[in-house]
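Protein chains in written order, with our numbering: chain A, 1075 to 1461; chain B, 367 to 666. Think of the CB as a built atom: it goes at the ideal place given N, C-alpha and C, for glycine as much as any other residue. From a predicted model like this one, the values you see are computed outputs, not experimental measurements. For reference, the structure discussed in these notes is given below.
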């Protein structure tokens, strides 16, 4: 799960990581009040959407007067941020964060990630903050300093020293402050079951203090059940309403650009079904995994979510019955189609446990269902039907 | 014999008295697996569906000499269940549970490194040696005894591959689902190594996914160590980056974890790559036709 920058900063503050004072608002008038309250003579207006590259897209602006605060807030609230991550349709800005601007002497990077191949946690620091860390790693790998932690000793003070001196800090006071931030971010990462915790940039101010200027926290979805406080930070406006609705019913759904709706059991088979549609020059409208033990109700819910997508020109239902019996799936499909009576072709491929019984239920239903014999046959029929 | 599970397997199930635990334990037993009992704290001493229940894994192993444990306990307590099995020195632990927090698995992984136990999963369908032993949730009847090893990160896609083989009367030695989570027990290389050393396996189907680098590492290992032919498919070529495709592990985040990158390195490493999931059985058949002894062995 993703959260907004201002929510991430609140969590950083709870773990004693210094942040700028700031406040969130949805209106330009409030923006001026906030700026007055914060004091100073320069402020930063930051759009709050789940996307990187907000600055380049015009979603972060510096204001040198209170009038500029209002102007910038006015132009940013309600704008659509379009970045590589948001796709062409962009993301609507509903809130801005107003912060007092600071004089920066250097920008650093600090991040904590899961190291999948080692099954451990890796802390990364760099003297090249404020930019995309992947390109720093690609172009100047020597500027990436990392430590992989062993769960048996968890955090140890050498880690802070290795990273602080590694990014070129020399002043003892700075090393101490930088190390404290690393340790606190690691504590936050573990305590809240993060999957990514990133401060970019972590700035050194002209006053010799470190501040988290921007922050990104991602959480392990599997662990949200342990952290109700984190789960409440979910912003429904940032998620697709269809995806949220599917999740509530225990379905895993992701909307895509194509016109063939897919309903499949199992994540691997669902991806493979999308792949084979593409191979036959079709285009999937979604990823939808109904899970290994889906019920008639879940199949029905899946069908109705797919049909609520107006792009969809054909539906392909591909079920490999293991635990999930084909006759149960067939009953779900028949019930869903009776109730929803779609005007578009429905292709069904059933395989596995009670396959013939399932096919019989489909055939006897009197509904217009195109049955397919195998995966390839199903893909070809779906692509043809969607044309 | 094949690998991991066989006629000598003595299976216990953690979470046996739950609905899923009961159903799949009995299904495994009915397939021919030697199921010796279950573990559910607080229900020790009882008999459930004809099999003894124990409070702890320790007690179950003492009384039944179990050598394989299958785990069905809920996600938040599953890591503890794995640790309990490791503590009892169970040689093979197969964890079916889906949704275990990643940081729980980091601790489990650390303990596994210095233990005598092997872990399969979590979030996996289990392991089957057709005709001998089934430990997991896969439908037994689609399998057929034979000499092709199957390894996969996914469940139903594995059934798809197995069914393509069985329809061509190509049997399987052992089918292993290593699971869809980012941190898991045995990886592709561990299982490939077992197949390479198994006299009853002639060739291998390996099914990967987008996300992570385990297929890349496996490709390098195959190039240097594997003498048996490998056919491979990677699911997710059509998946957009940054979106998690159901499995916690199936998300494109860097550059090397795309299906394209994995297809390329596998192909460069001598693996027969198929772009269509419908071609796995057909491609394996073509390869086996070139092994002179294949038809003979199939008839043993």
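Should residue i go down as buried or exposed, given a rule of 16 or more other Cβ atoms within 10 Å for buried?
i: residue 561 of chain B; result: buried
i: residue 1111 of chain A; result: exposed
i: residue 1331 of chain A; result: exposed
i: residue 656 of chain B; result: exposed
i: residue 1088 of chain A; result: exposed
i: residue 1267 of chain A; result: buried
i: residue 526 of chain B; result: buried
i: residue 507 of chain B; result: exposed
i: residue 665 of chain B; result: With a pLDDT of only 47 at residue 665 of chain B, under the threshold of 50, the placement of this residue in the model should not be trusted, and no figure is reported.
i: residue 550 of chain B; result: buried
i: residue 1206 of chain A; result: exposed
i: residue 1465 of chain A; result: In the structure as shown, chain A starts at 1075 and stops at 1461, and residue 1465 of chain A therefore has no counterpart that could be examined.
i: residue 509 of chain B; result: buried
i: residue 1371 of chain A; result: exposed
i: residue 581 of chain B; result: buried
i: residue 1288 of chain A; result: buried
i: residue 1136 of chain A; result: exposed
i: residue 613 of chain B; result: buried
i: residue 590 of chain B; result: exposed
i: residue 418 of chain B; result: buried
i: residue 1355 of chain A; result: exposed
i: residue 1133 of chain A; result: buried
With the cut-off set at 7 Å, would you say residue i and residue j are in Cβ contact?
i: residue 616 of chain B; j: residue 577 of chain B; result: yes
i: residue 1181 of chain A; j: residue 1204 of chain A; result: yes
i: residue 1144 of chain A; j: residue 1092 of chain A; result: no
i: residue 1119 of chain A; j: residue 1078 of chain A; result: no
i: residue 668 of chain B; j: residue 640 of chain B; result: The structure shown does not extend to residue 668 of chain B, since chain B spans only 367 to 666, so no value can be given for it.
i: residue 1258 of chain A; j: residue 1084 of chain A; result: no
i: residue 499 of chain B; j: residue 371 of chain B; result: yes
i: residue 1304 of chain A; j: residue 1293 of chain A; result: yes
i: residue 1452 of chain A; j: residue 1446 of chain A; result: yes
i: residue 519 of chain B; j: residue 575 of chain B; result: yes
i: residue 1080 of chain A; j: residue 1184 of chain A; result: no
i: residue 1129 of chain A; j: residue 1157 of chain A; result: no
i: residue 1414 of chain A; j: residue 1364 of chain A; result: no
i: residue 466 of chain B; j: residue 438 of chain B; result: no
i: residue 1432 of chain A; j: residue 1456 of chain A; result: no
i: residue 516 of chain B; j: residue 571 of chain B; result: yes
i: residue 390 of chain B; j: residue 472 of chain B; result: no
i: residue 486 of chain B; j: residue 477 of chain B; result: no
i: residue 643 of chain B; j: residue 1341 of chain A; result: no
i: residue 545 of chain B; j: residue 490 of chain B; result: yes
i: residue 1474 of chain A; j: residue 1284 of chain A; result: Not covered by the structure: residue 1474 of chain A. The range shown for chain A is 1075 to 1461.
i: residue 1273 of chain A; j: residue 1286 of chain A; result: yes
i: residue 1211 of chain A; j: residue 1165 of chain A; result: no
i: residue 540 of chain B; j: residue 1394 of chain A; result: no
Give the interface partners of residue i over in chain E, defined as CB-CB distance under 9 Å, in chain order.
i: residue 1100 of chain A; result: Absent from the structure is chain E; the protein chains it does hold are A and B.
Cβ-based contacts, 9 Å cut-off: residues of the segment 433 to 452 of chain B near chain A: 441, 442
Run through the segment 1183 to 1223 of chain A for me and flag every whole beta strand (DSSP E) of 3 or more residues, listed as ranges in chain order. 1194 to 1200, 1218 to 1223
Kindly confirm or deny that the segment 517 to 536 of chain B and the segment 455 to 475 of chain B touch, where touching means at least three C-beta pairs closer than 8 Å. no
Using 8 Å as the threshold, is the segment 1383 to 1392 of chain A in touch with the segment 1334 to 1352 of chain A, meaning 3 or more CB pairs across them? yes
To be precise: take each residue of the segment 501 to 531 of chain B, compare its Cβ to all Cβ atoms of chain A, and keep it if any distance is under 9 Å. Which residues remain? 503, 504, 505, 507, 508, 518, 519, 520, 521, 522, 523, 524, 525, 526, 529, 530
Does the segment 430 to 439 of chain B come close enough to the segment 371 to 378 of chain B to have 3 or more Cβ pairs within less than 8 Å? yes
Entirely within the segment 442 to 493 of chain B and at least 4 residues each: give me those alpha helix (DSSP H) ranges in chain order. 468 to 479
What residues in the segment 1158 to 1172 of chain A have a beta carbon less than 7 Å from any beta carbon of chain B? 1159
What residues in the segment 1422 to 1452 of chain A have a beta carbon less than 8 Å from any beta carbon of chain B? 1425, 1426, 1427, 1448, 1449, 1450
Hey, which unbroken runs of the beta strand (DSSP E) at 3 residues or more fall wholly within the segment 1223 to 1309 of chain A? 1268 to 1279, 1284 to 1286, 1289 to 1293
Against chain A: residues of the segment 449 to 473 of chain B by CB proximity under 9 Å: 464, 465, 466, 467, 468, 469, 470, 471, 472, 473
What residue ranges within the segment 496 to 579 of chain B form continuous alpha helix (DSSP H) runs of no fewer than 4 residues, ordered along the chain? 522 to 533, 554 to 562
Any 3 or more C-beta pairs closer than 8 Å across the segment 1185 to 1200 of chain A and the segment 1260 to 1275 of chain A: yes
Give the residues from the segment 1214 to 1238 of chain A that approach chain B closer than 8 Å (Cβ to any Cβ), ordered along the chain. 1224, 1225, 1226
Using a Cβ cut-off of 7 Å, which residues of the segment 1337 to 1360 of chain A contact any Cβ in chain B, in chain order? 1339, 1340, 1341, 1342, 1343, 1344, 1345, 1346, 1348, 1349, 1350, 1352, 1353, 1358
Beta carbons nearer than 8 Å to chain B: which residues of the segment 1181 to 1207 of chain A have them? 1188, 1190, 1191, 1193, 1194, 1195
When you check each C-beta in the segment 1294 to 1309 of chain A against every C-beta of chain B, which residues fall closer than 8 Å? 1294, 1295, 1296, 1297, 1299, 1300
Write down every uninterrupted run of the alpha helix (DSSP H) in the segment 1311 to 1379 of chain A whose length is 4 residues or greater and which is fully enclosed by it, in chain order. 1315 to 1322, 1341 to 1353
With three or more beta-carbon pairs closer than 8 Å as the criterion, would you say the segment 1235 to 1252 of chain A touches the segment 1205 to 1223 of chain A? yes
Give a yes or no on contact between the segment 1416 to 1431 of chain A and the segment 387 to 402 of chain B, applying the rule of three or more CB pairs nearer than 8 Å. no
Short-range partners of chain A found in the segment 473 to 499 of chain B, where Cβ spacing is below 7 Å: 473, 475, 476
Got a sec: which bits of the segment 1383 to 1409 of chain A sit with their beta carbon under 8 Å from any beta carbon on chain B, in order along the chain? 1394, 1395, 1396, 1397
Just to confirm the assignment: which complete alpha helix (DSSP H) runs, minimum length 4, are found wholly within the segment 1417 to 1449 of chain A? 1429 to 1438
Using a Cβ-Cβ cutoff of 8 Å, what residues of the segment 1318 to 1333 of chain A are near chain B? List them in chain order. 1326, 1328, 1330
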